[in-house]
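Q: Just so you know, the sequence shown maps onto residues 3 to 152 in the working numbering.
Quick reminder that beta carbons are idealized off the backbone N, C-alpha and C, glycines included.
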Amino acid sequence: MLKSYLLAALEQAHYQLEADGSIRGSVPTCPGVWARTGTLEQCRSSLETLLEQWILQRVWAHEPLPEINGQKLAVHVPGADFAPTTSVAPLSHGSAAMAGLTPEEEAAAIFALVGMMLDQQKHRIVSIRPVESAWSREGRRQIHASHRLR
Numbered sequence: 003m004l005k006s007y008l009l010a011a012l013e014q015a016h017y018q019l020e021a022d023g024s025i026r027g028s029v030p031t032c033p034g035v036w037a038r039t040g041t042l043e044q045c046r047s048s049l050e051t052l053l054e055q056w057i058l059q060r061v062w063a064h065e066p067l068p069e070i071n072g073q074k075l076a077v078h079v080p081g082a083d084f085a086p087t088t089s090v091a092p093l094s095h096g097s098a099a100m101a102g103l104t105p106e107e108e109a110a111a112i113f114a115l116v117g118m119m120l121d122q123q124k125h126r127i128v129s130i131r132p133v134e135s136a137w138s139r140e141g142r143r144q145i146h147a148s149h150r151l152r
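1) So, are the CB atoms of residue 26 and residue 14 less than 9 Å apart?
2) Just curious, the alpha helix (DSSP H) that residue 44 is in, first and last residue?
3) How would you label residue 8, buried or exposed, when you count the other beta carbons within 10 angstroms and need 16 or more for buried?
4) Just to confirm my understanding: we take residue 34, look at its own chain, exclude 5 residues before and 5 after, and list those with CB closer than 8 Å. What are they?
5) Under 9 Å, do residue 49 and residue 3 count as touching if we go by C-beta distance?
6) Can you tell me whether DSSP reads residue 110 as helix, strand or coil?
7) Have a look at the DSSP bridge pairing and note the partners of residue 28.
8) May I have the straight-line CA-CA distance separating residue 113 from residue 58, to the nearest angstrom?
9) Have a look at 43, 67, 37 and 62 and flag the residue whose alpha-carbon is nearest the alpha-carbon of residue 10.
10) Given a cut-off of 9 Å on the beta-carbon distance, is the pair residue 38 and residue 12 in contact?
11) Suppose contacts are defined by Cβ-Cβ distances below 9 Å. Is residue 173 in contact with residue 6 by that definition?
12) Answer with buried or exposed for residue 151, where buried requires no fewer than 16 other C-beta atoms within 10 angstroms of its C-beta.
13) With a 10 Å radius around its C-beta and 16 neighbouring C-beta atoms as the bar for buried, classify residue 63 as buried or exposed.
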């Protein structure tokens, strides 16, 4: 569902050649999502990354996402103004896994899990705990320690 929403948004992207030779791409239905790079491939890749971040920020802020080419994406958040477009069964064990985390740690876990789903690759979160600001590398994935993931 998330992947089809991203693809629908990328299909609406507009690309133009700037006077300095760079390529500027934007998605009109997603305000603030634009990129300027040297090649079309880089621009499309940057737009995809920015769209993922834009969606996560909107979900985190409890803001509704626009319908794009018939694709709707909504997340049910208790106490939010909008209702989900699809029903999602509650997790039987998920609430215990997130208990005791600070809001920053919870956000880092959510961002990491969504990133894993978007990549469709298997990753493993070793631990979630406060650490000093530094870079760490697990396998081929580089994670900044301010995300509170190691």
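A: Based on what the coordinates show:
1) Residue 26 sits at position 24 when you count from the first residue of the sequence shown. Residue 14 sits at position 12 when you count from the first residue of the sequence shown. Cβ distance not < 9 Å, so residue 26 and residue 14 don't count as in contact.
2) Position 42 of the sequence shown, counted from the first residue, corresponds to residue 44. Per DSSP, residue 44 belongs to the alpha helix (DSSP H) from 42-62.
3) Locating residue 8 in the sequence shown gives position 6, counting from the first residue. The residue is buried, with at least 16 neighbouring Cβ atoms inside 10 Å.
4) Stepping through the sequence shown from its first residue, residue 34 is reached at position 32. Counting only Cβ-Cβ distances below 8 Å, and skipping sequence neighbours, we find 56.
5) As a working note, residue 49 is residue 47 in the sequence shown. As a working note, residue 3 is residue 1 in the sequence shown. The answer is no: Cβ separation not under 9 Å.
6) Position 108 of the sequence shown, counting from 1, holds the residue named residue 110. Three-state DSSP puts residue 110 in a helix.
7) Position 26 of the sequence shown, counted from the start, is the residue given in the question as residue 28. Its beta-bridge partners are 16 and 36.
8) Residue mapping note: residue 113 aligns to position 111 of the sequence shown, counting from 1. Residue mapping note: residue 58 aligns to position 56 of the sequence shown, counting from 1. Taking the straight line joining both Cα atoms gives about 7 Å.
9) Here the question's residue 10 lines up with position 8 in the sequence shown. With distances taken between Cα atoms, residue 10 lies closest to 67.
10) Reading the sequence shown from its first residue, position 36 is the one you call residue 38. Reading the sequence shown from its first residue, position 10 is the one you call residue 12. Not a contact, by the Cβ cut-off of 9 Å.
11) In the structure displayed, the chain extends from 3 to 152; residue 173 sits before or after that span and is not available.
12) One-based indexing of the sequence shown puts residue 151 at position 149. Confidence at residue 151 is low in this model, with a pLDDT of 45, below 50, so its placement is unreliable and no value can be given for it.
13) Reading the sequence shown from its first residue, position 61 is the one you call residue 63. Residue 63 should be labelled exposed.
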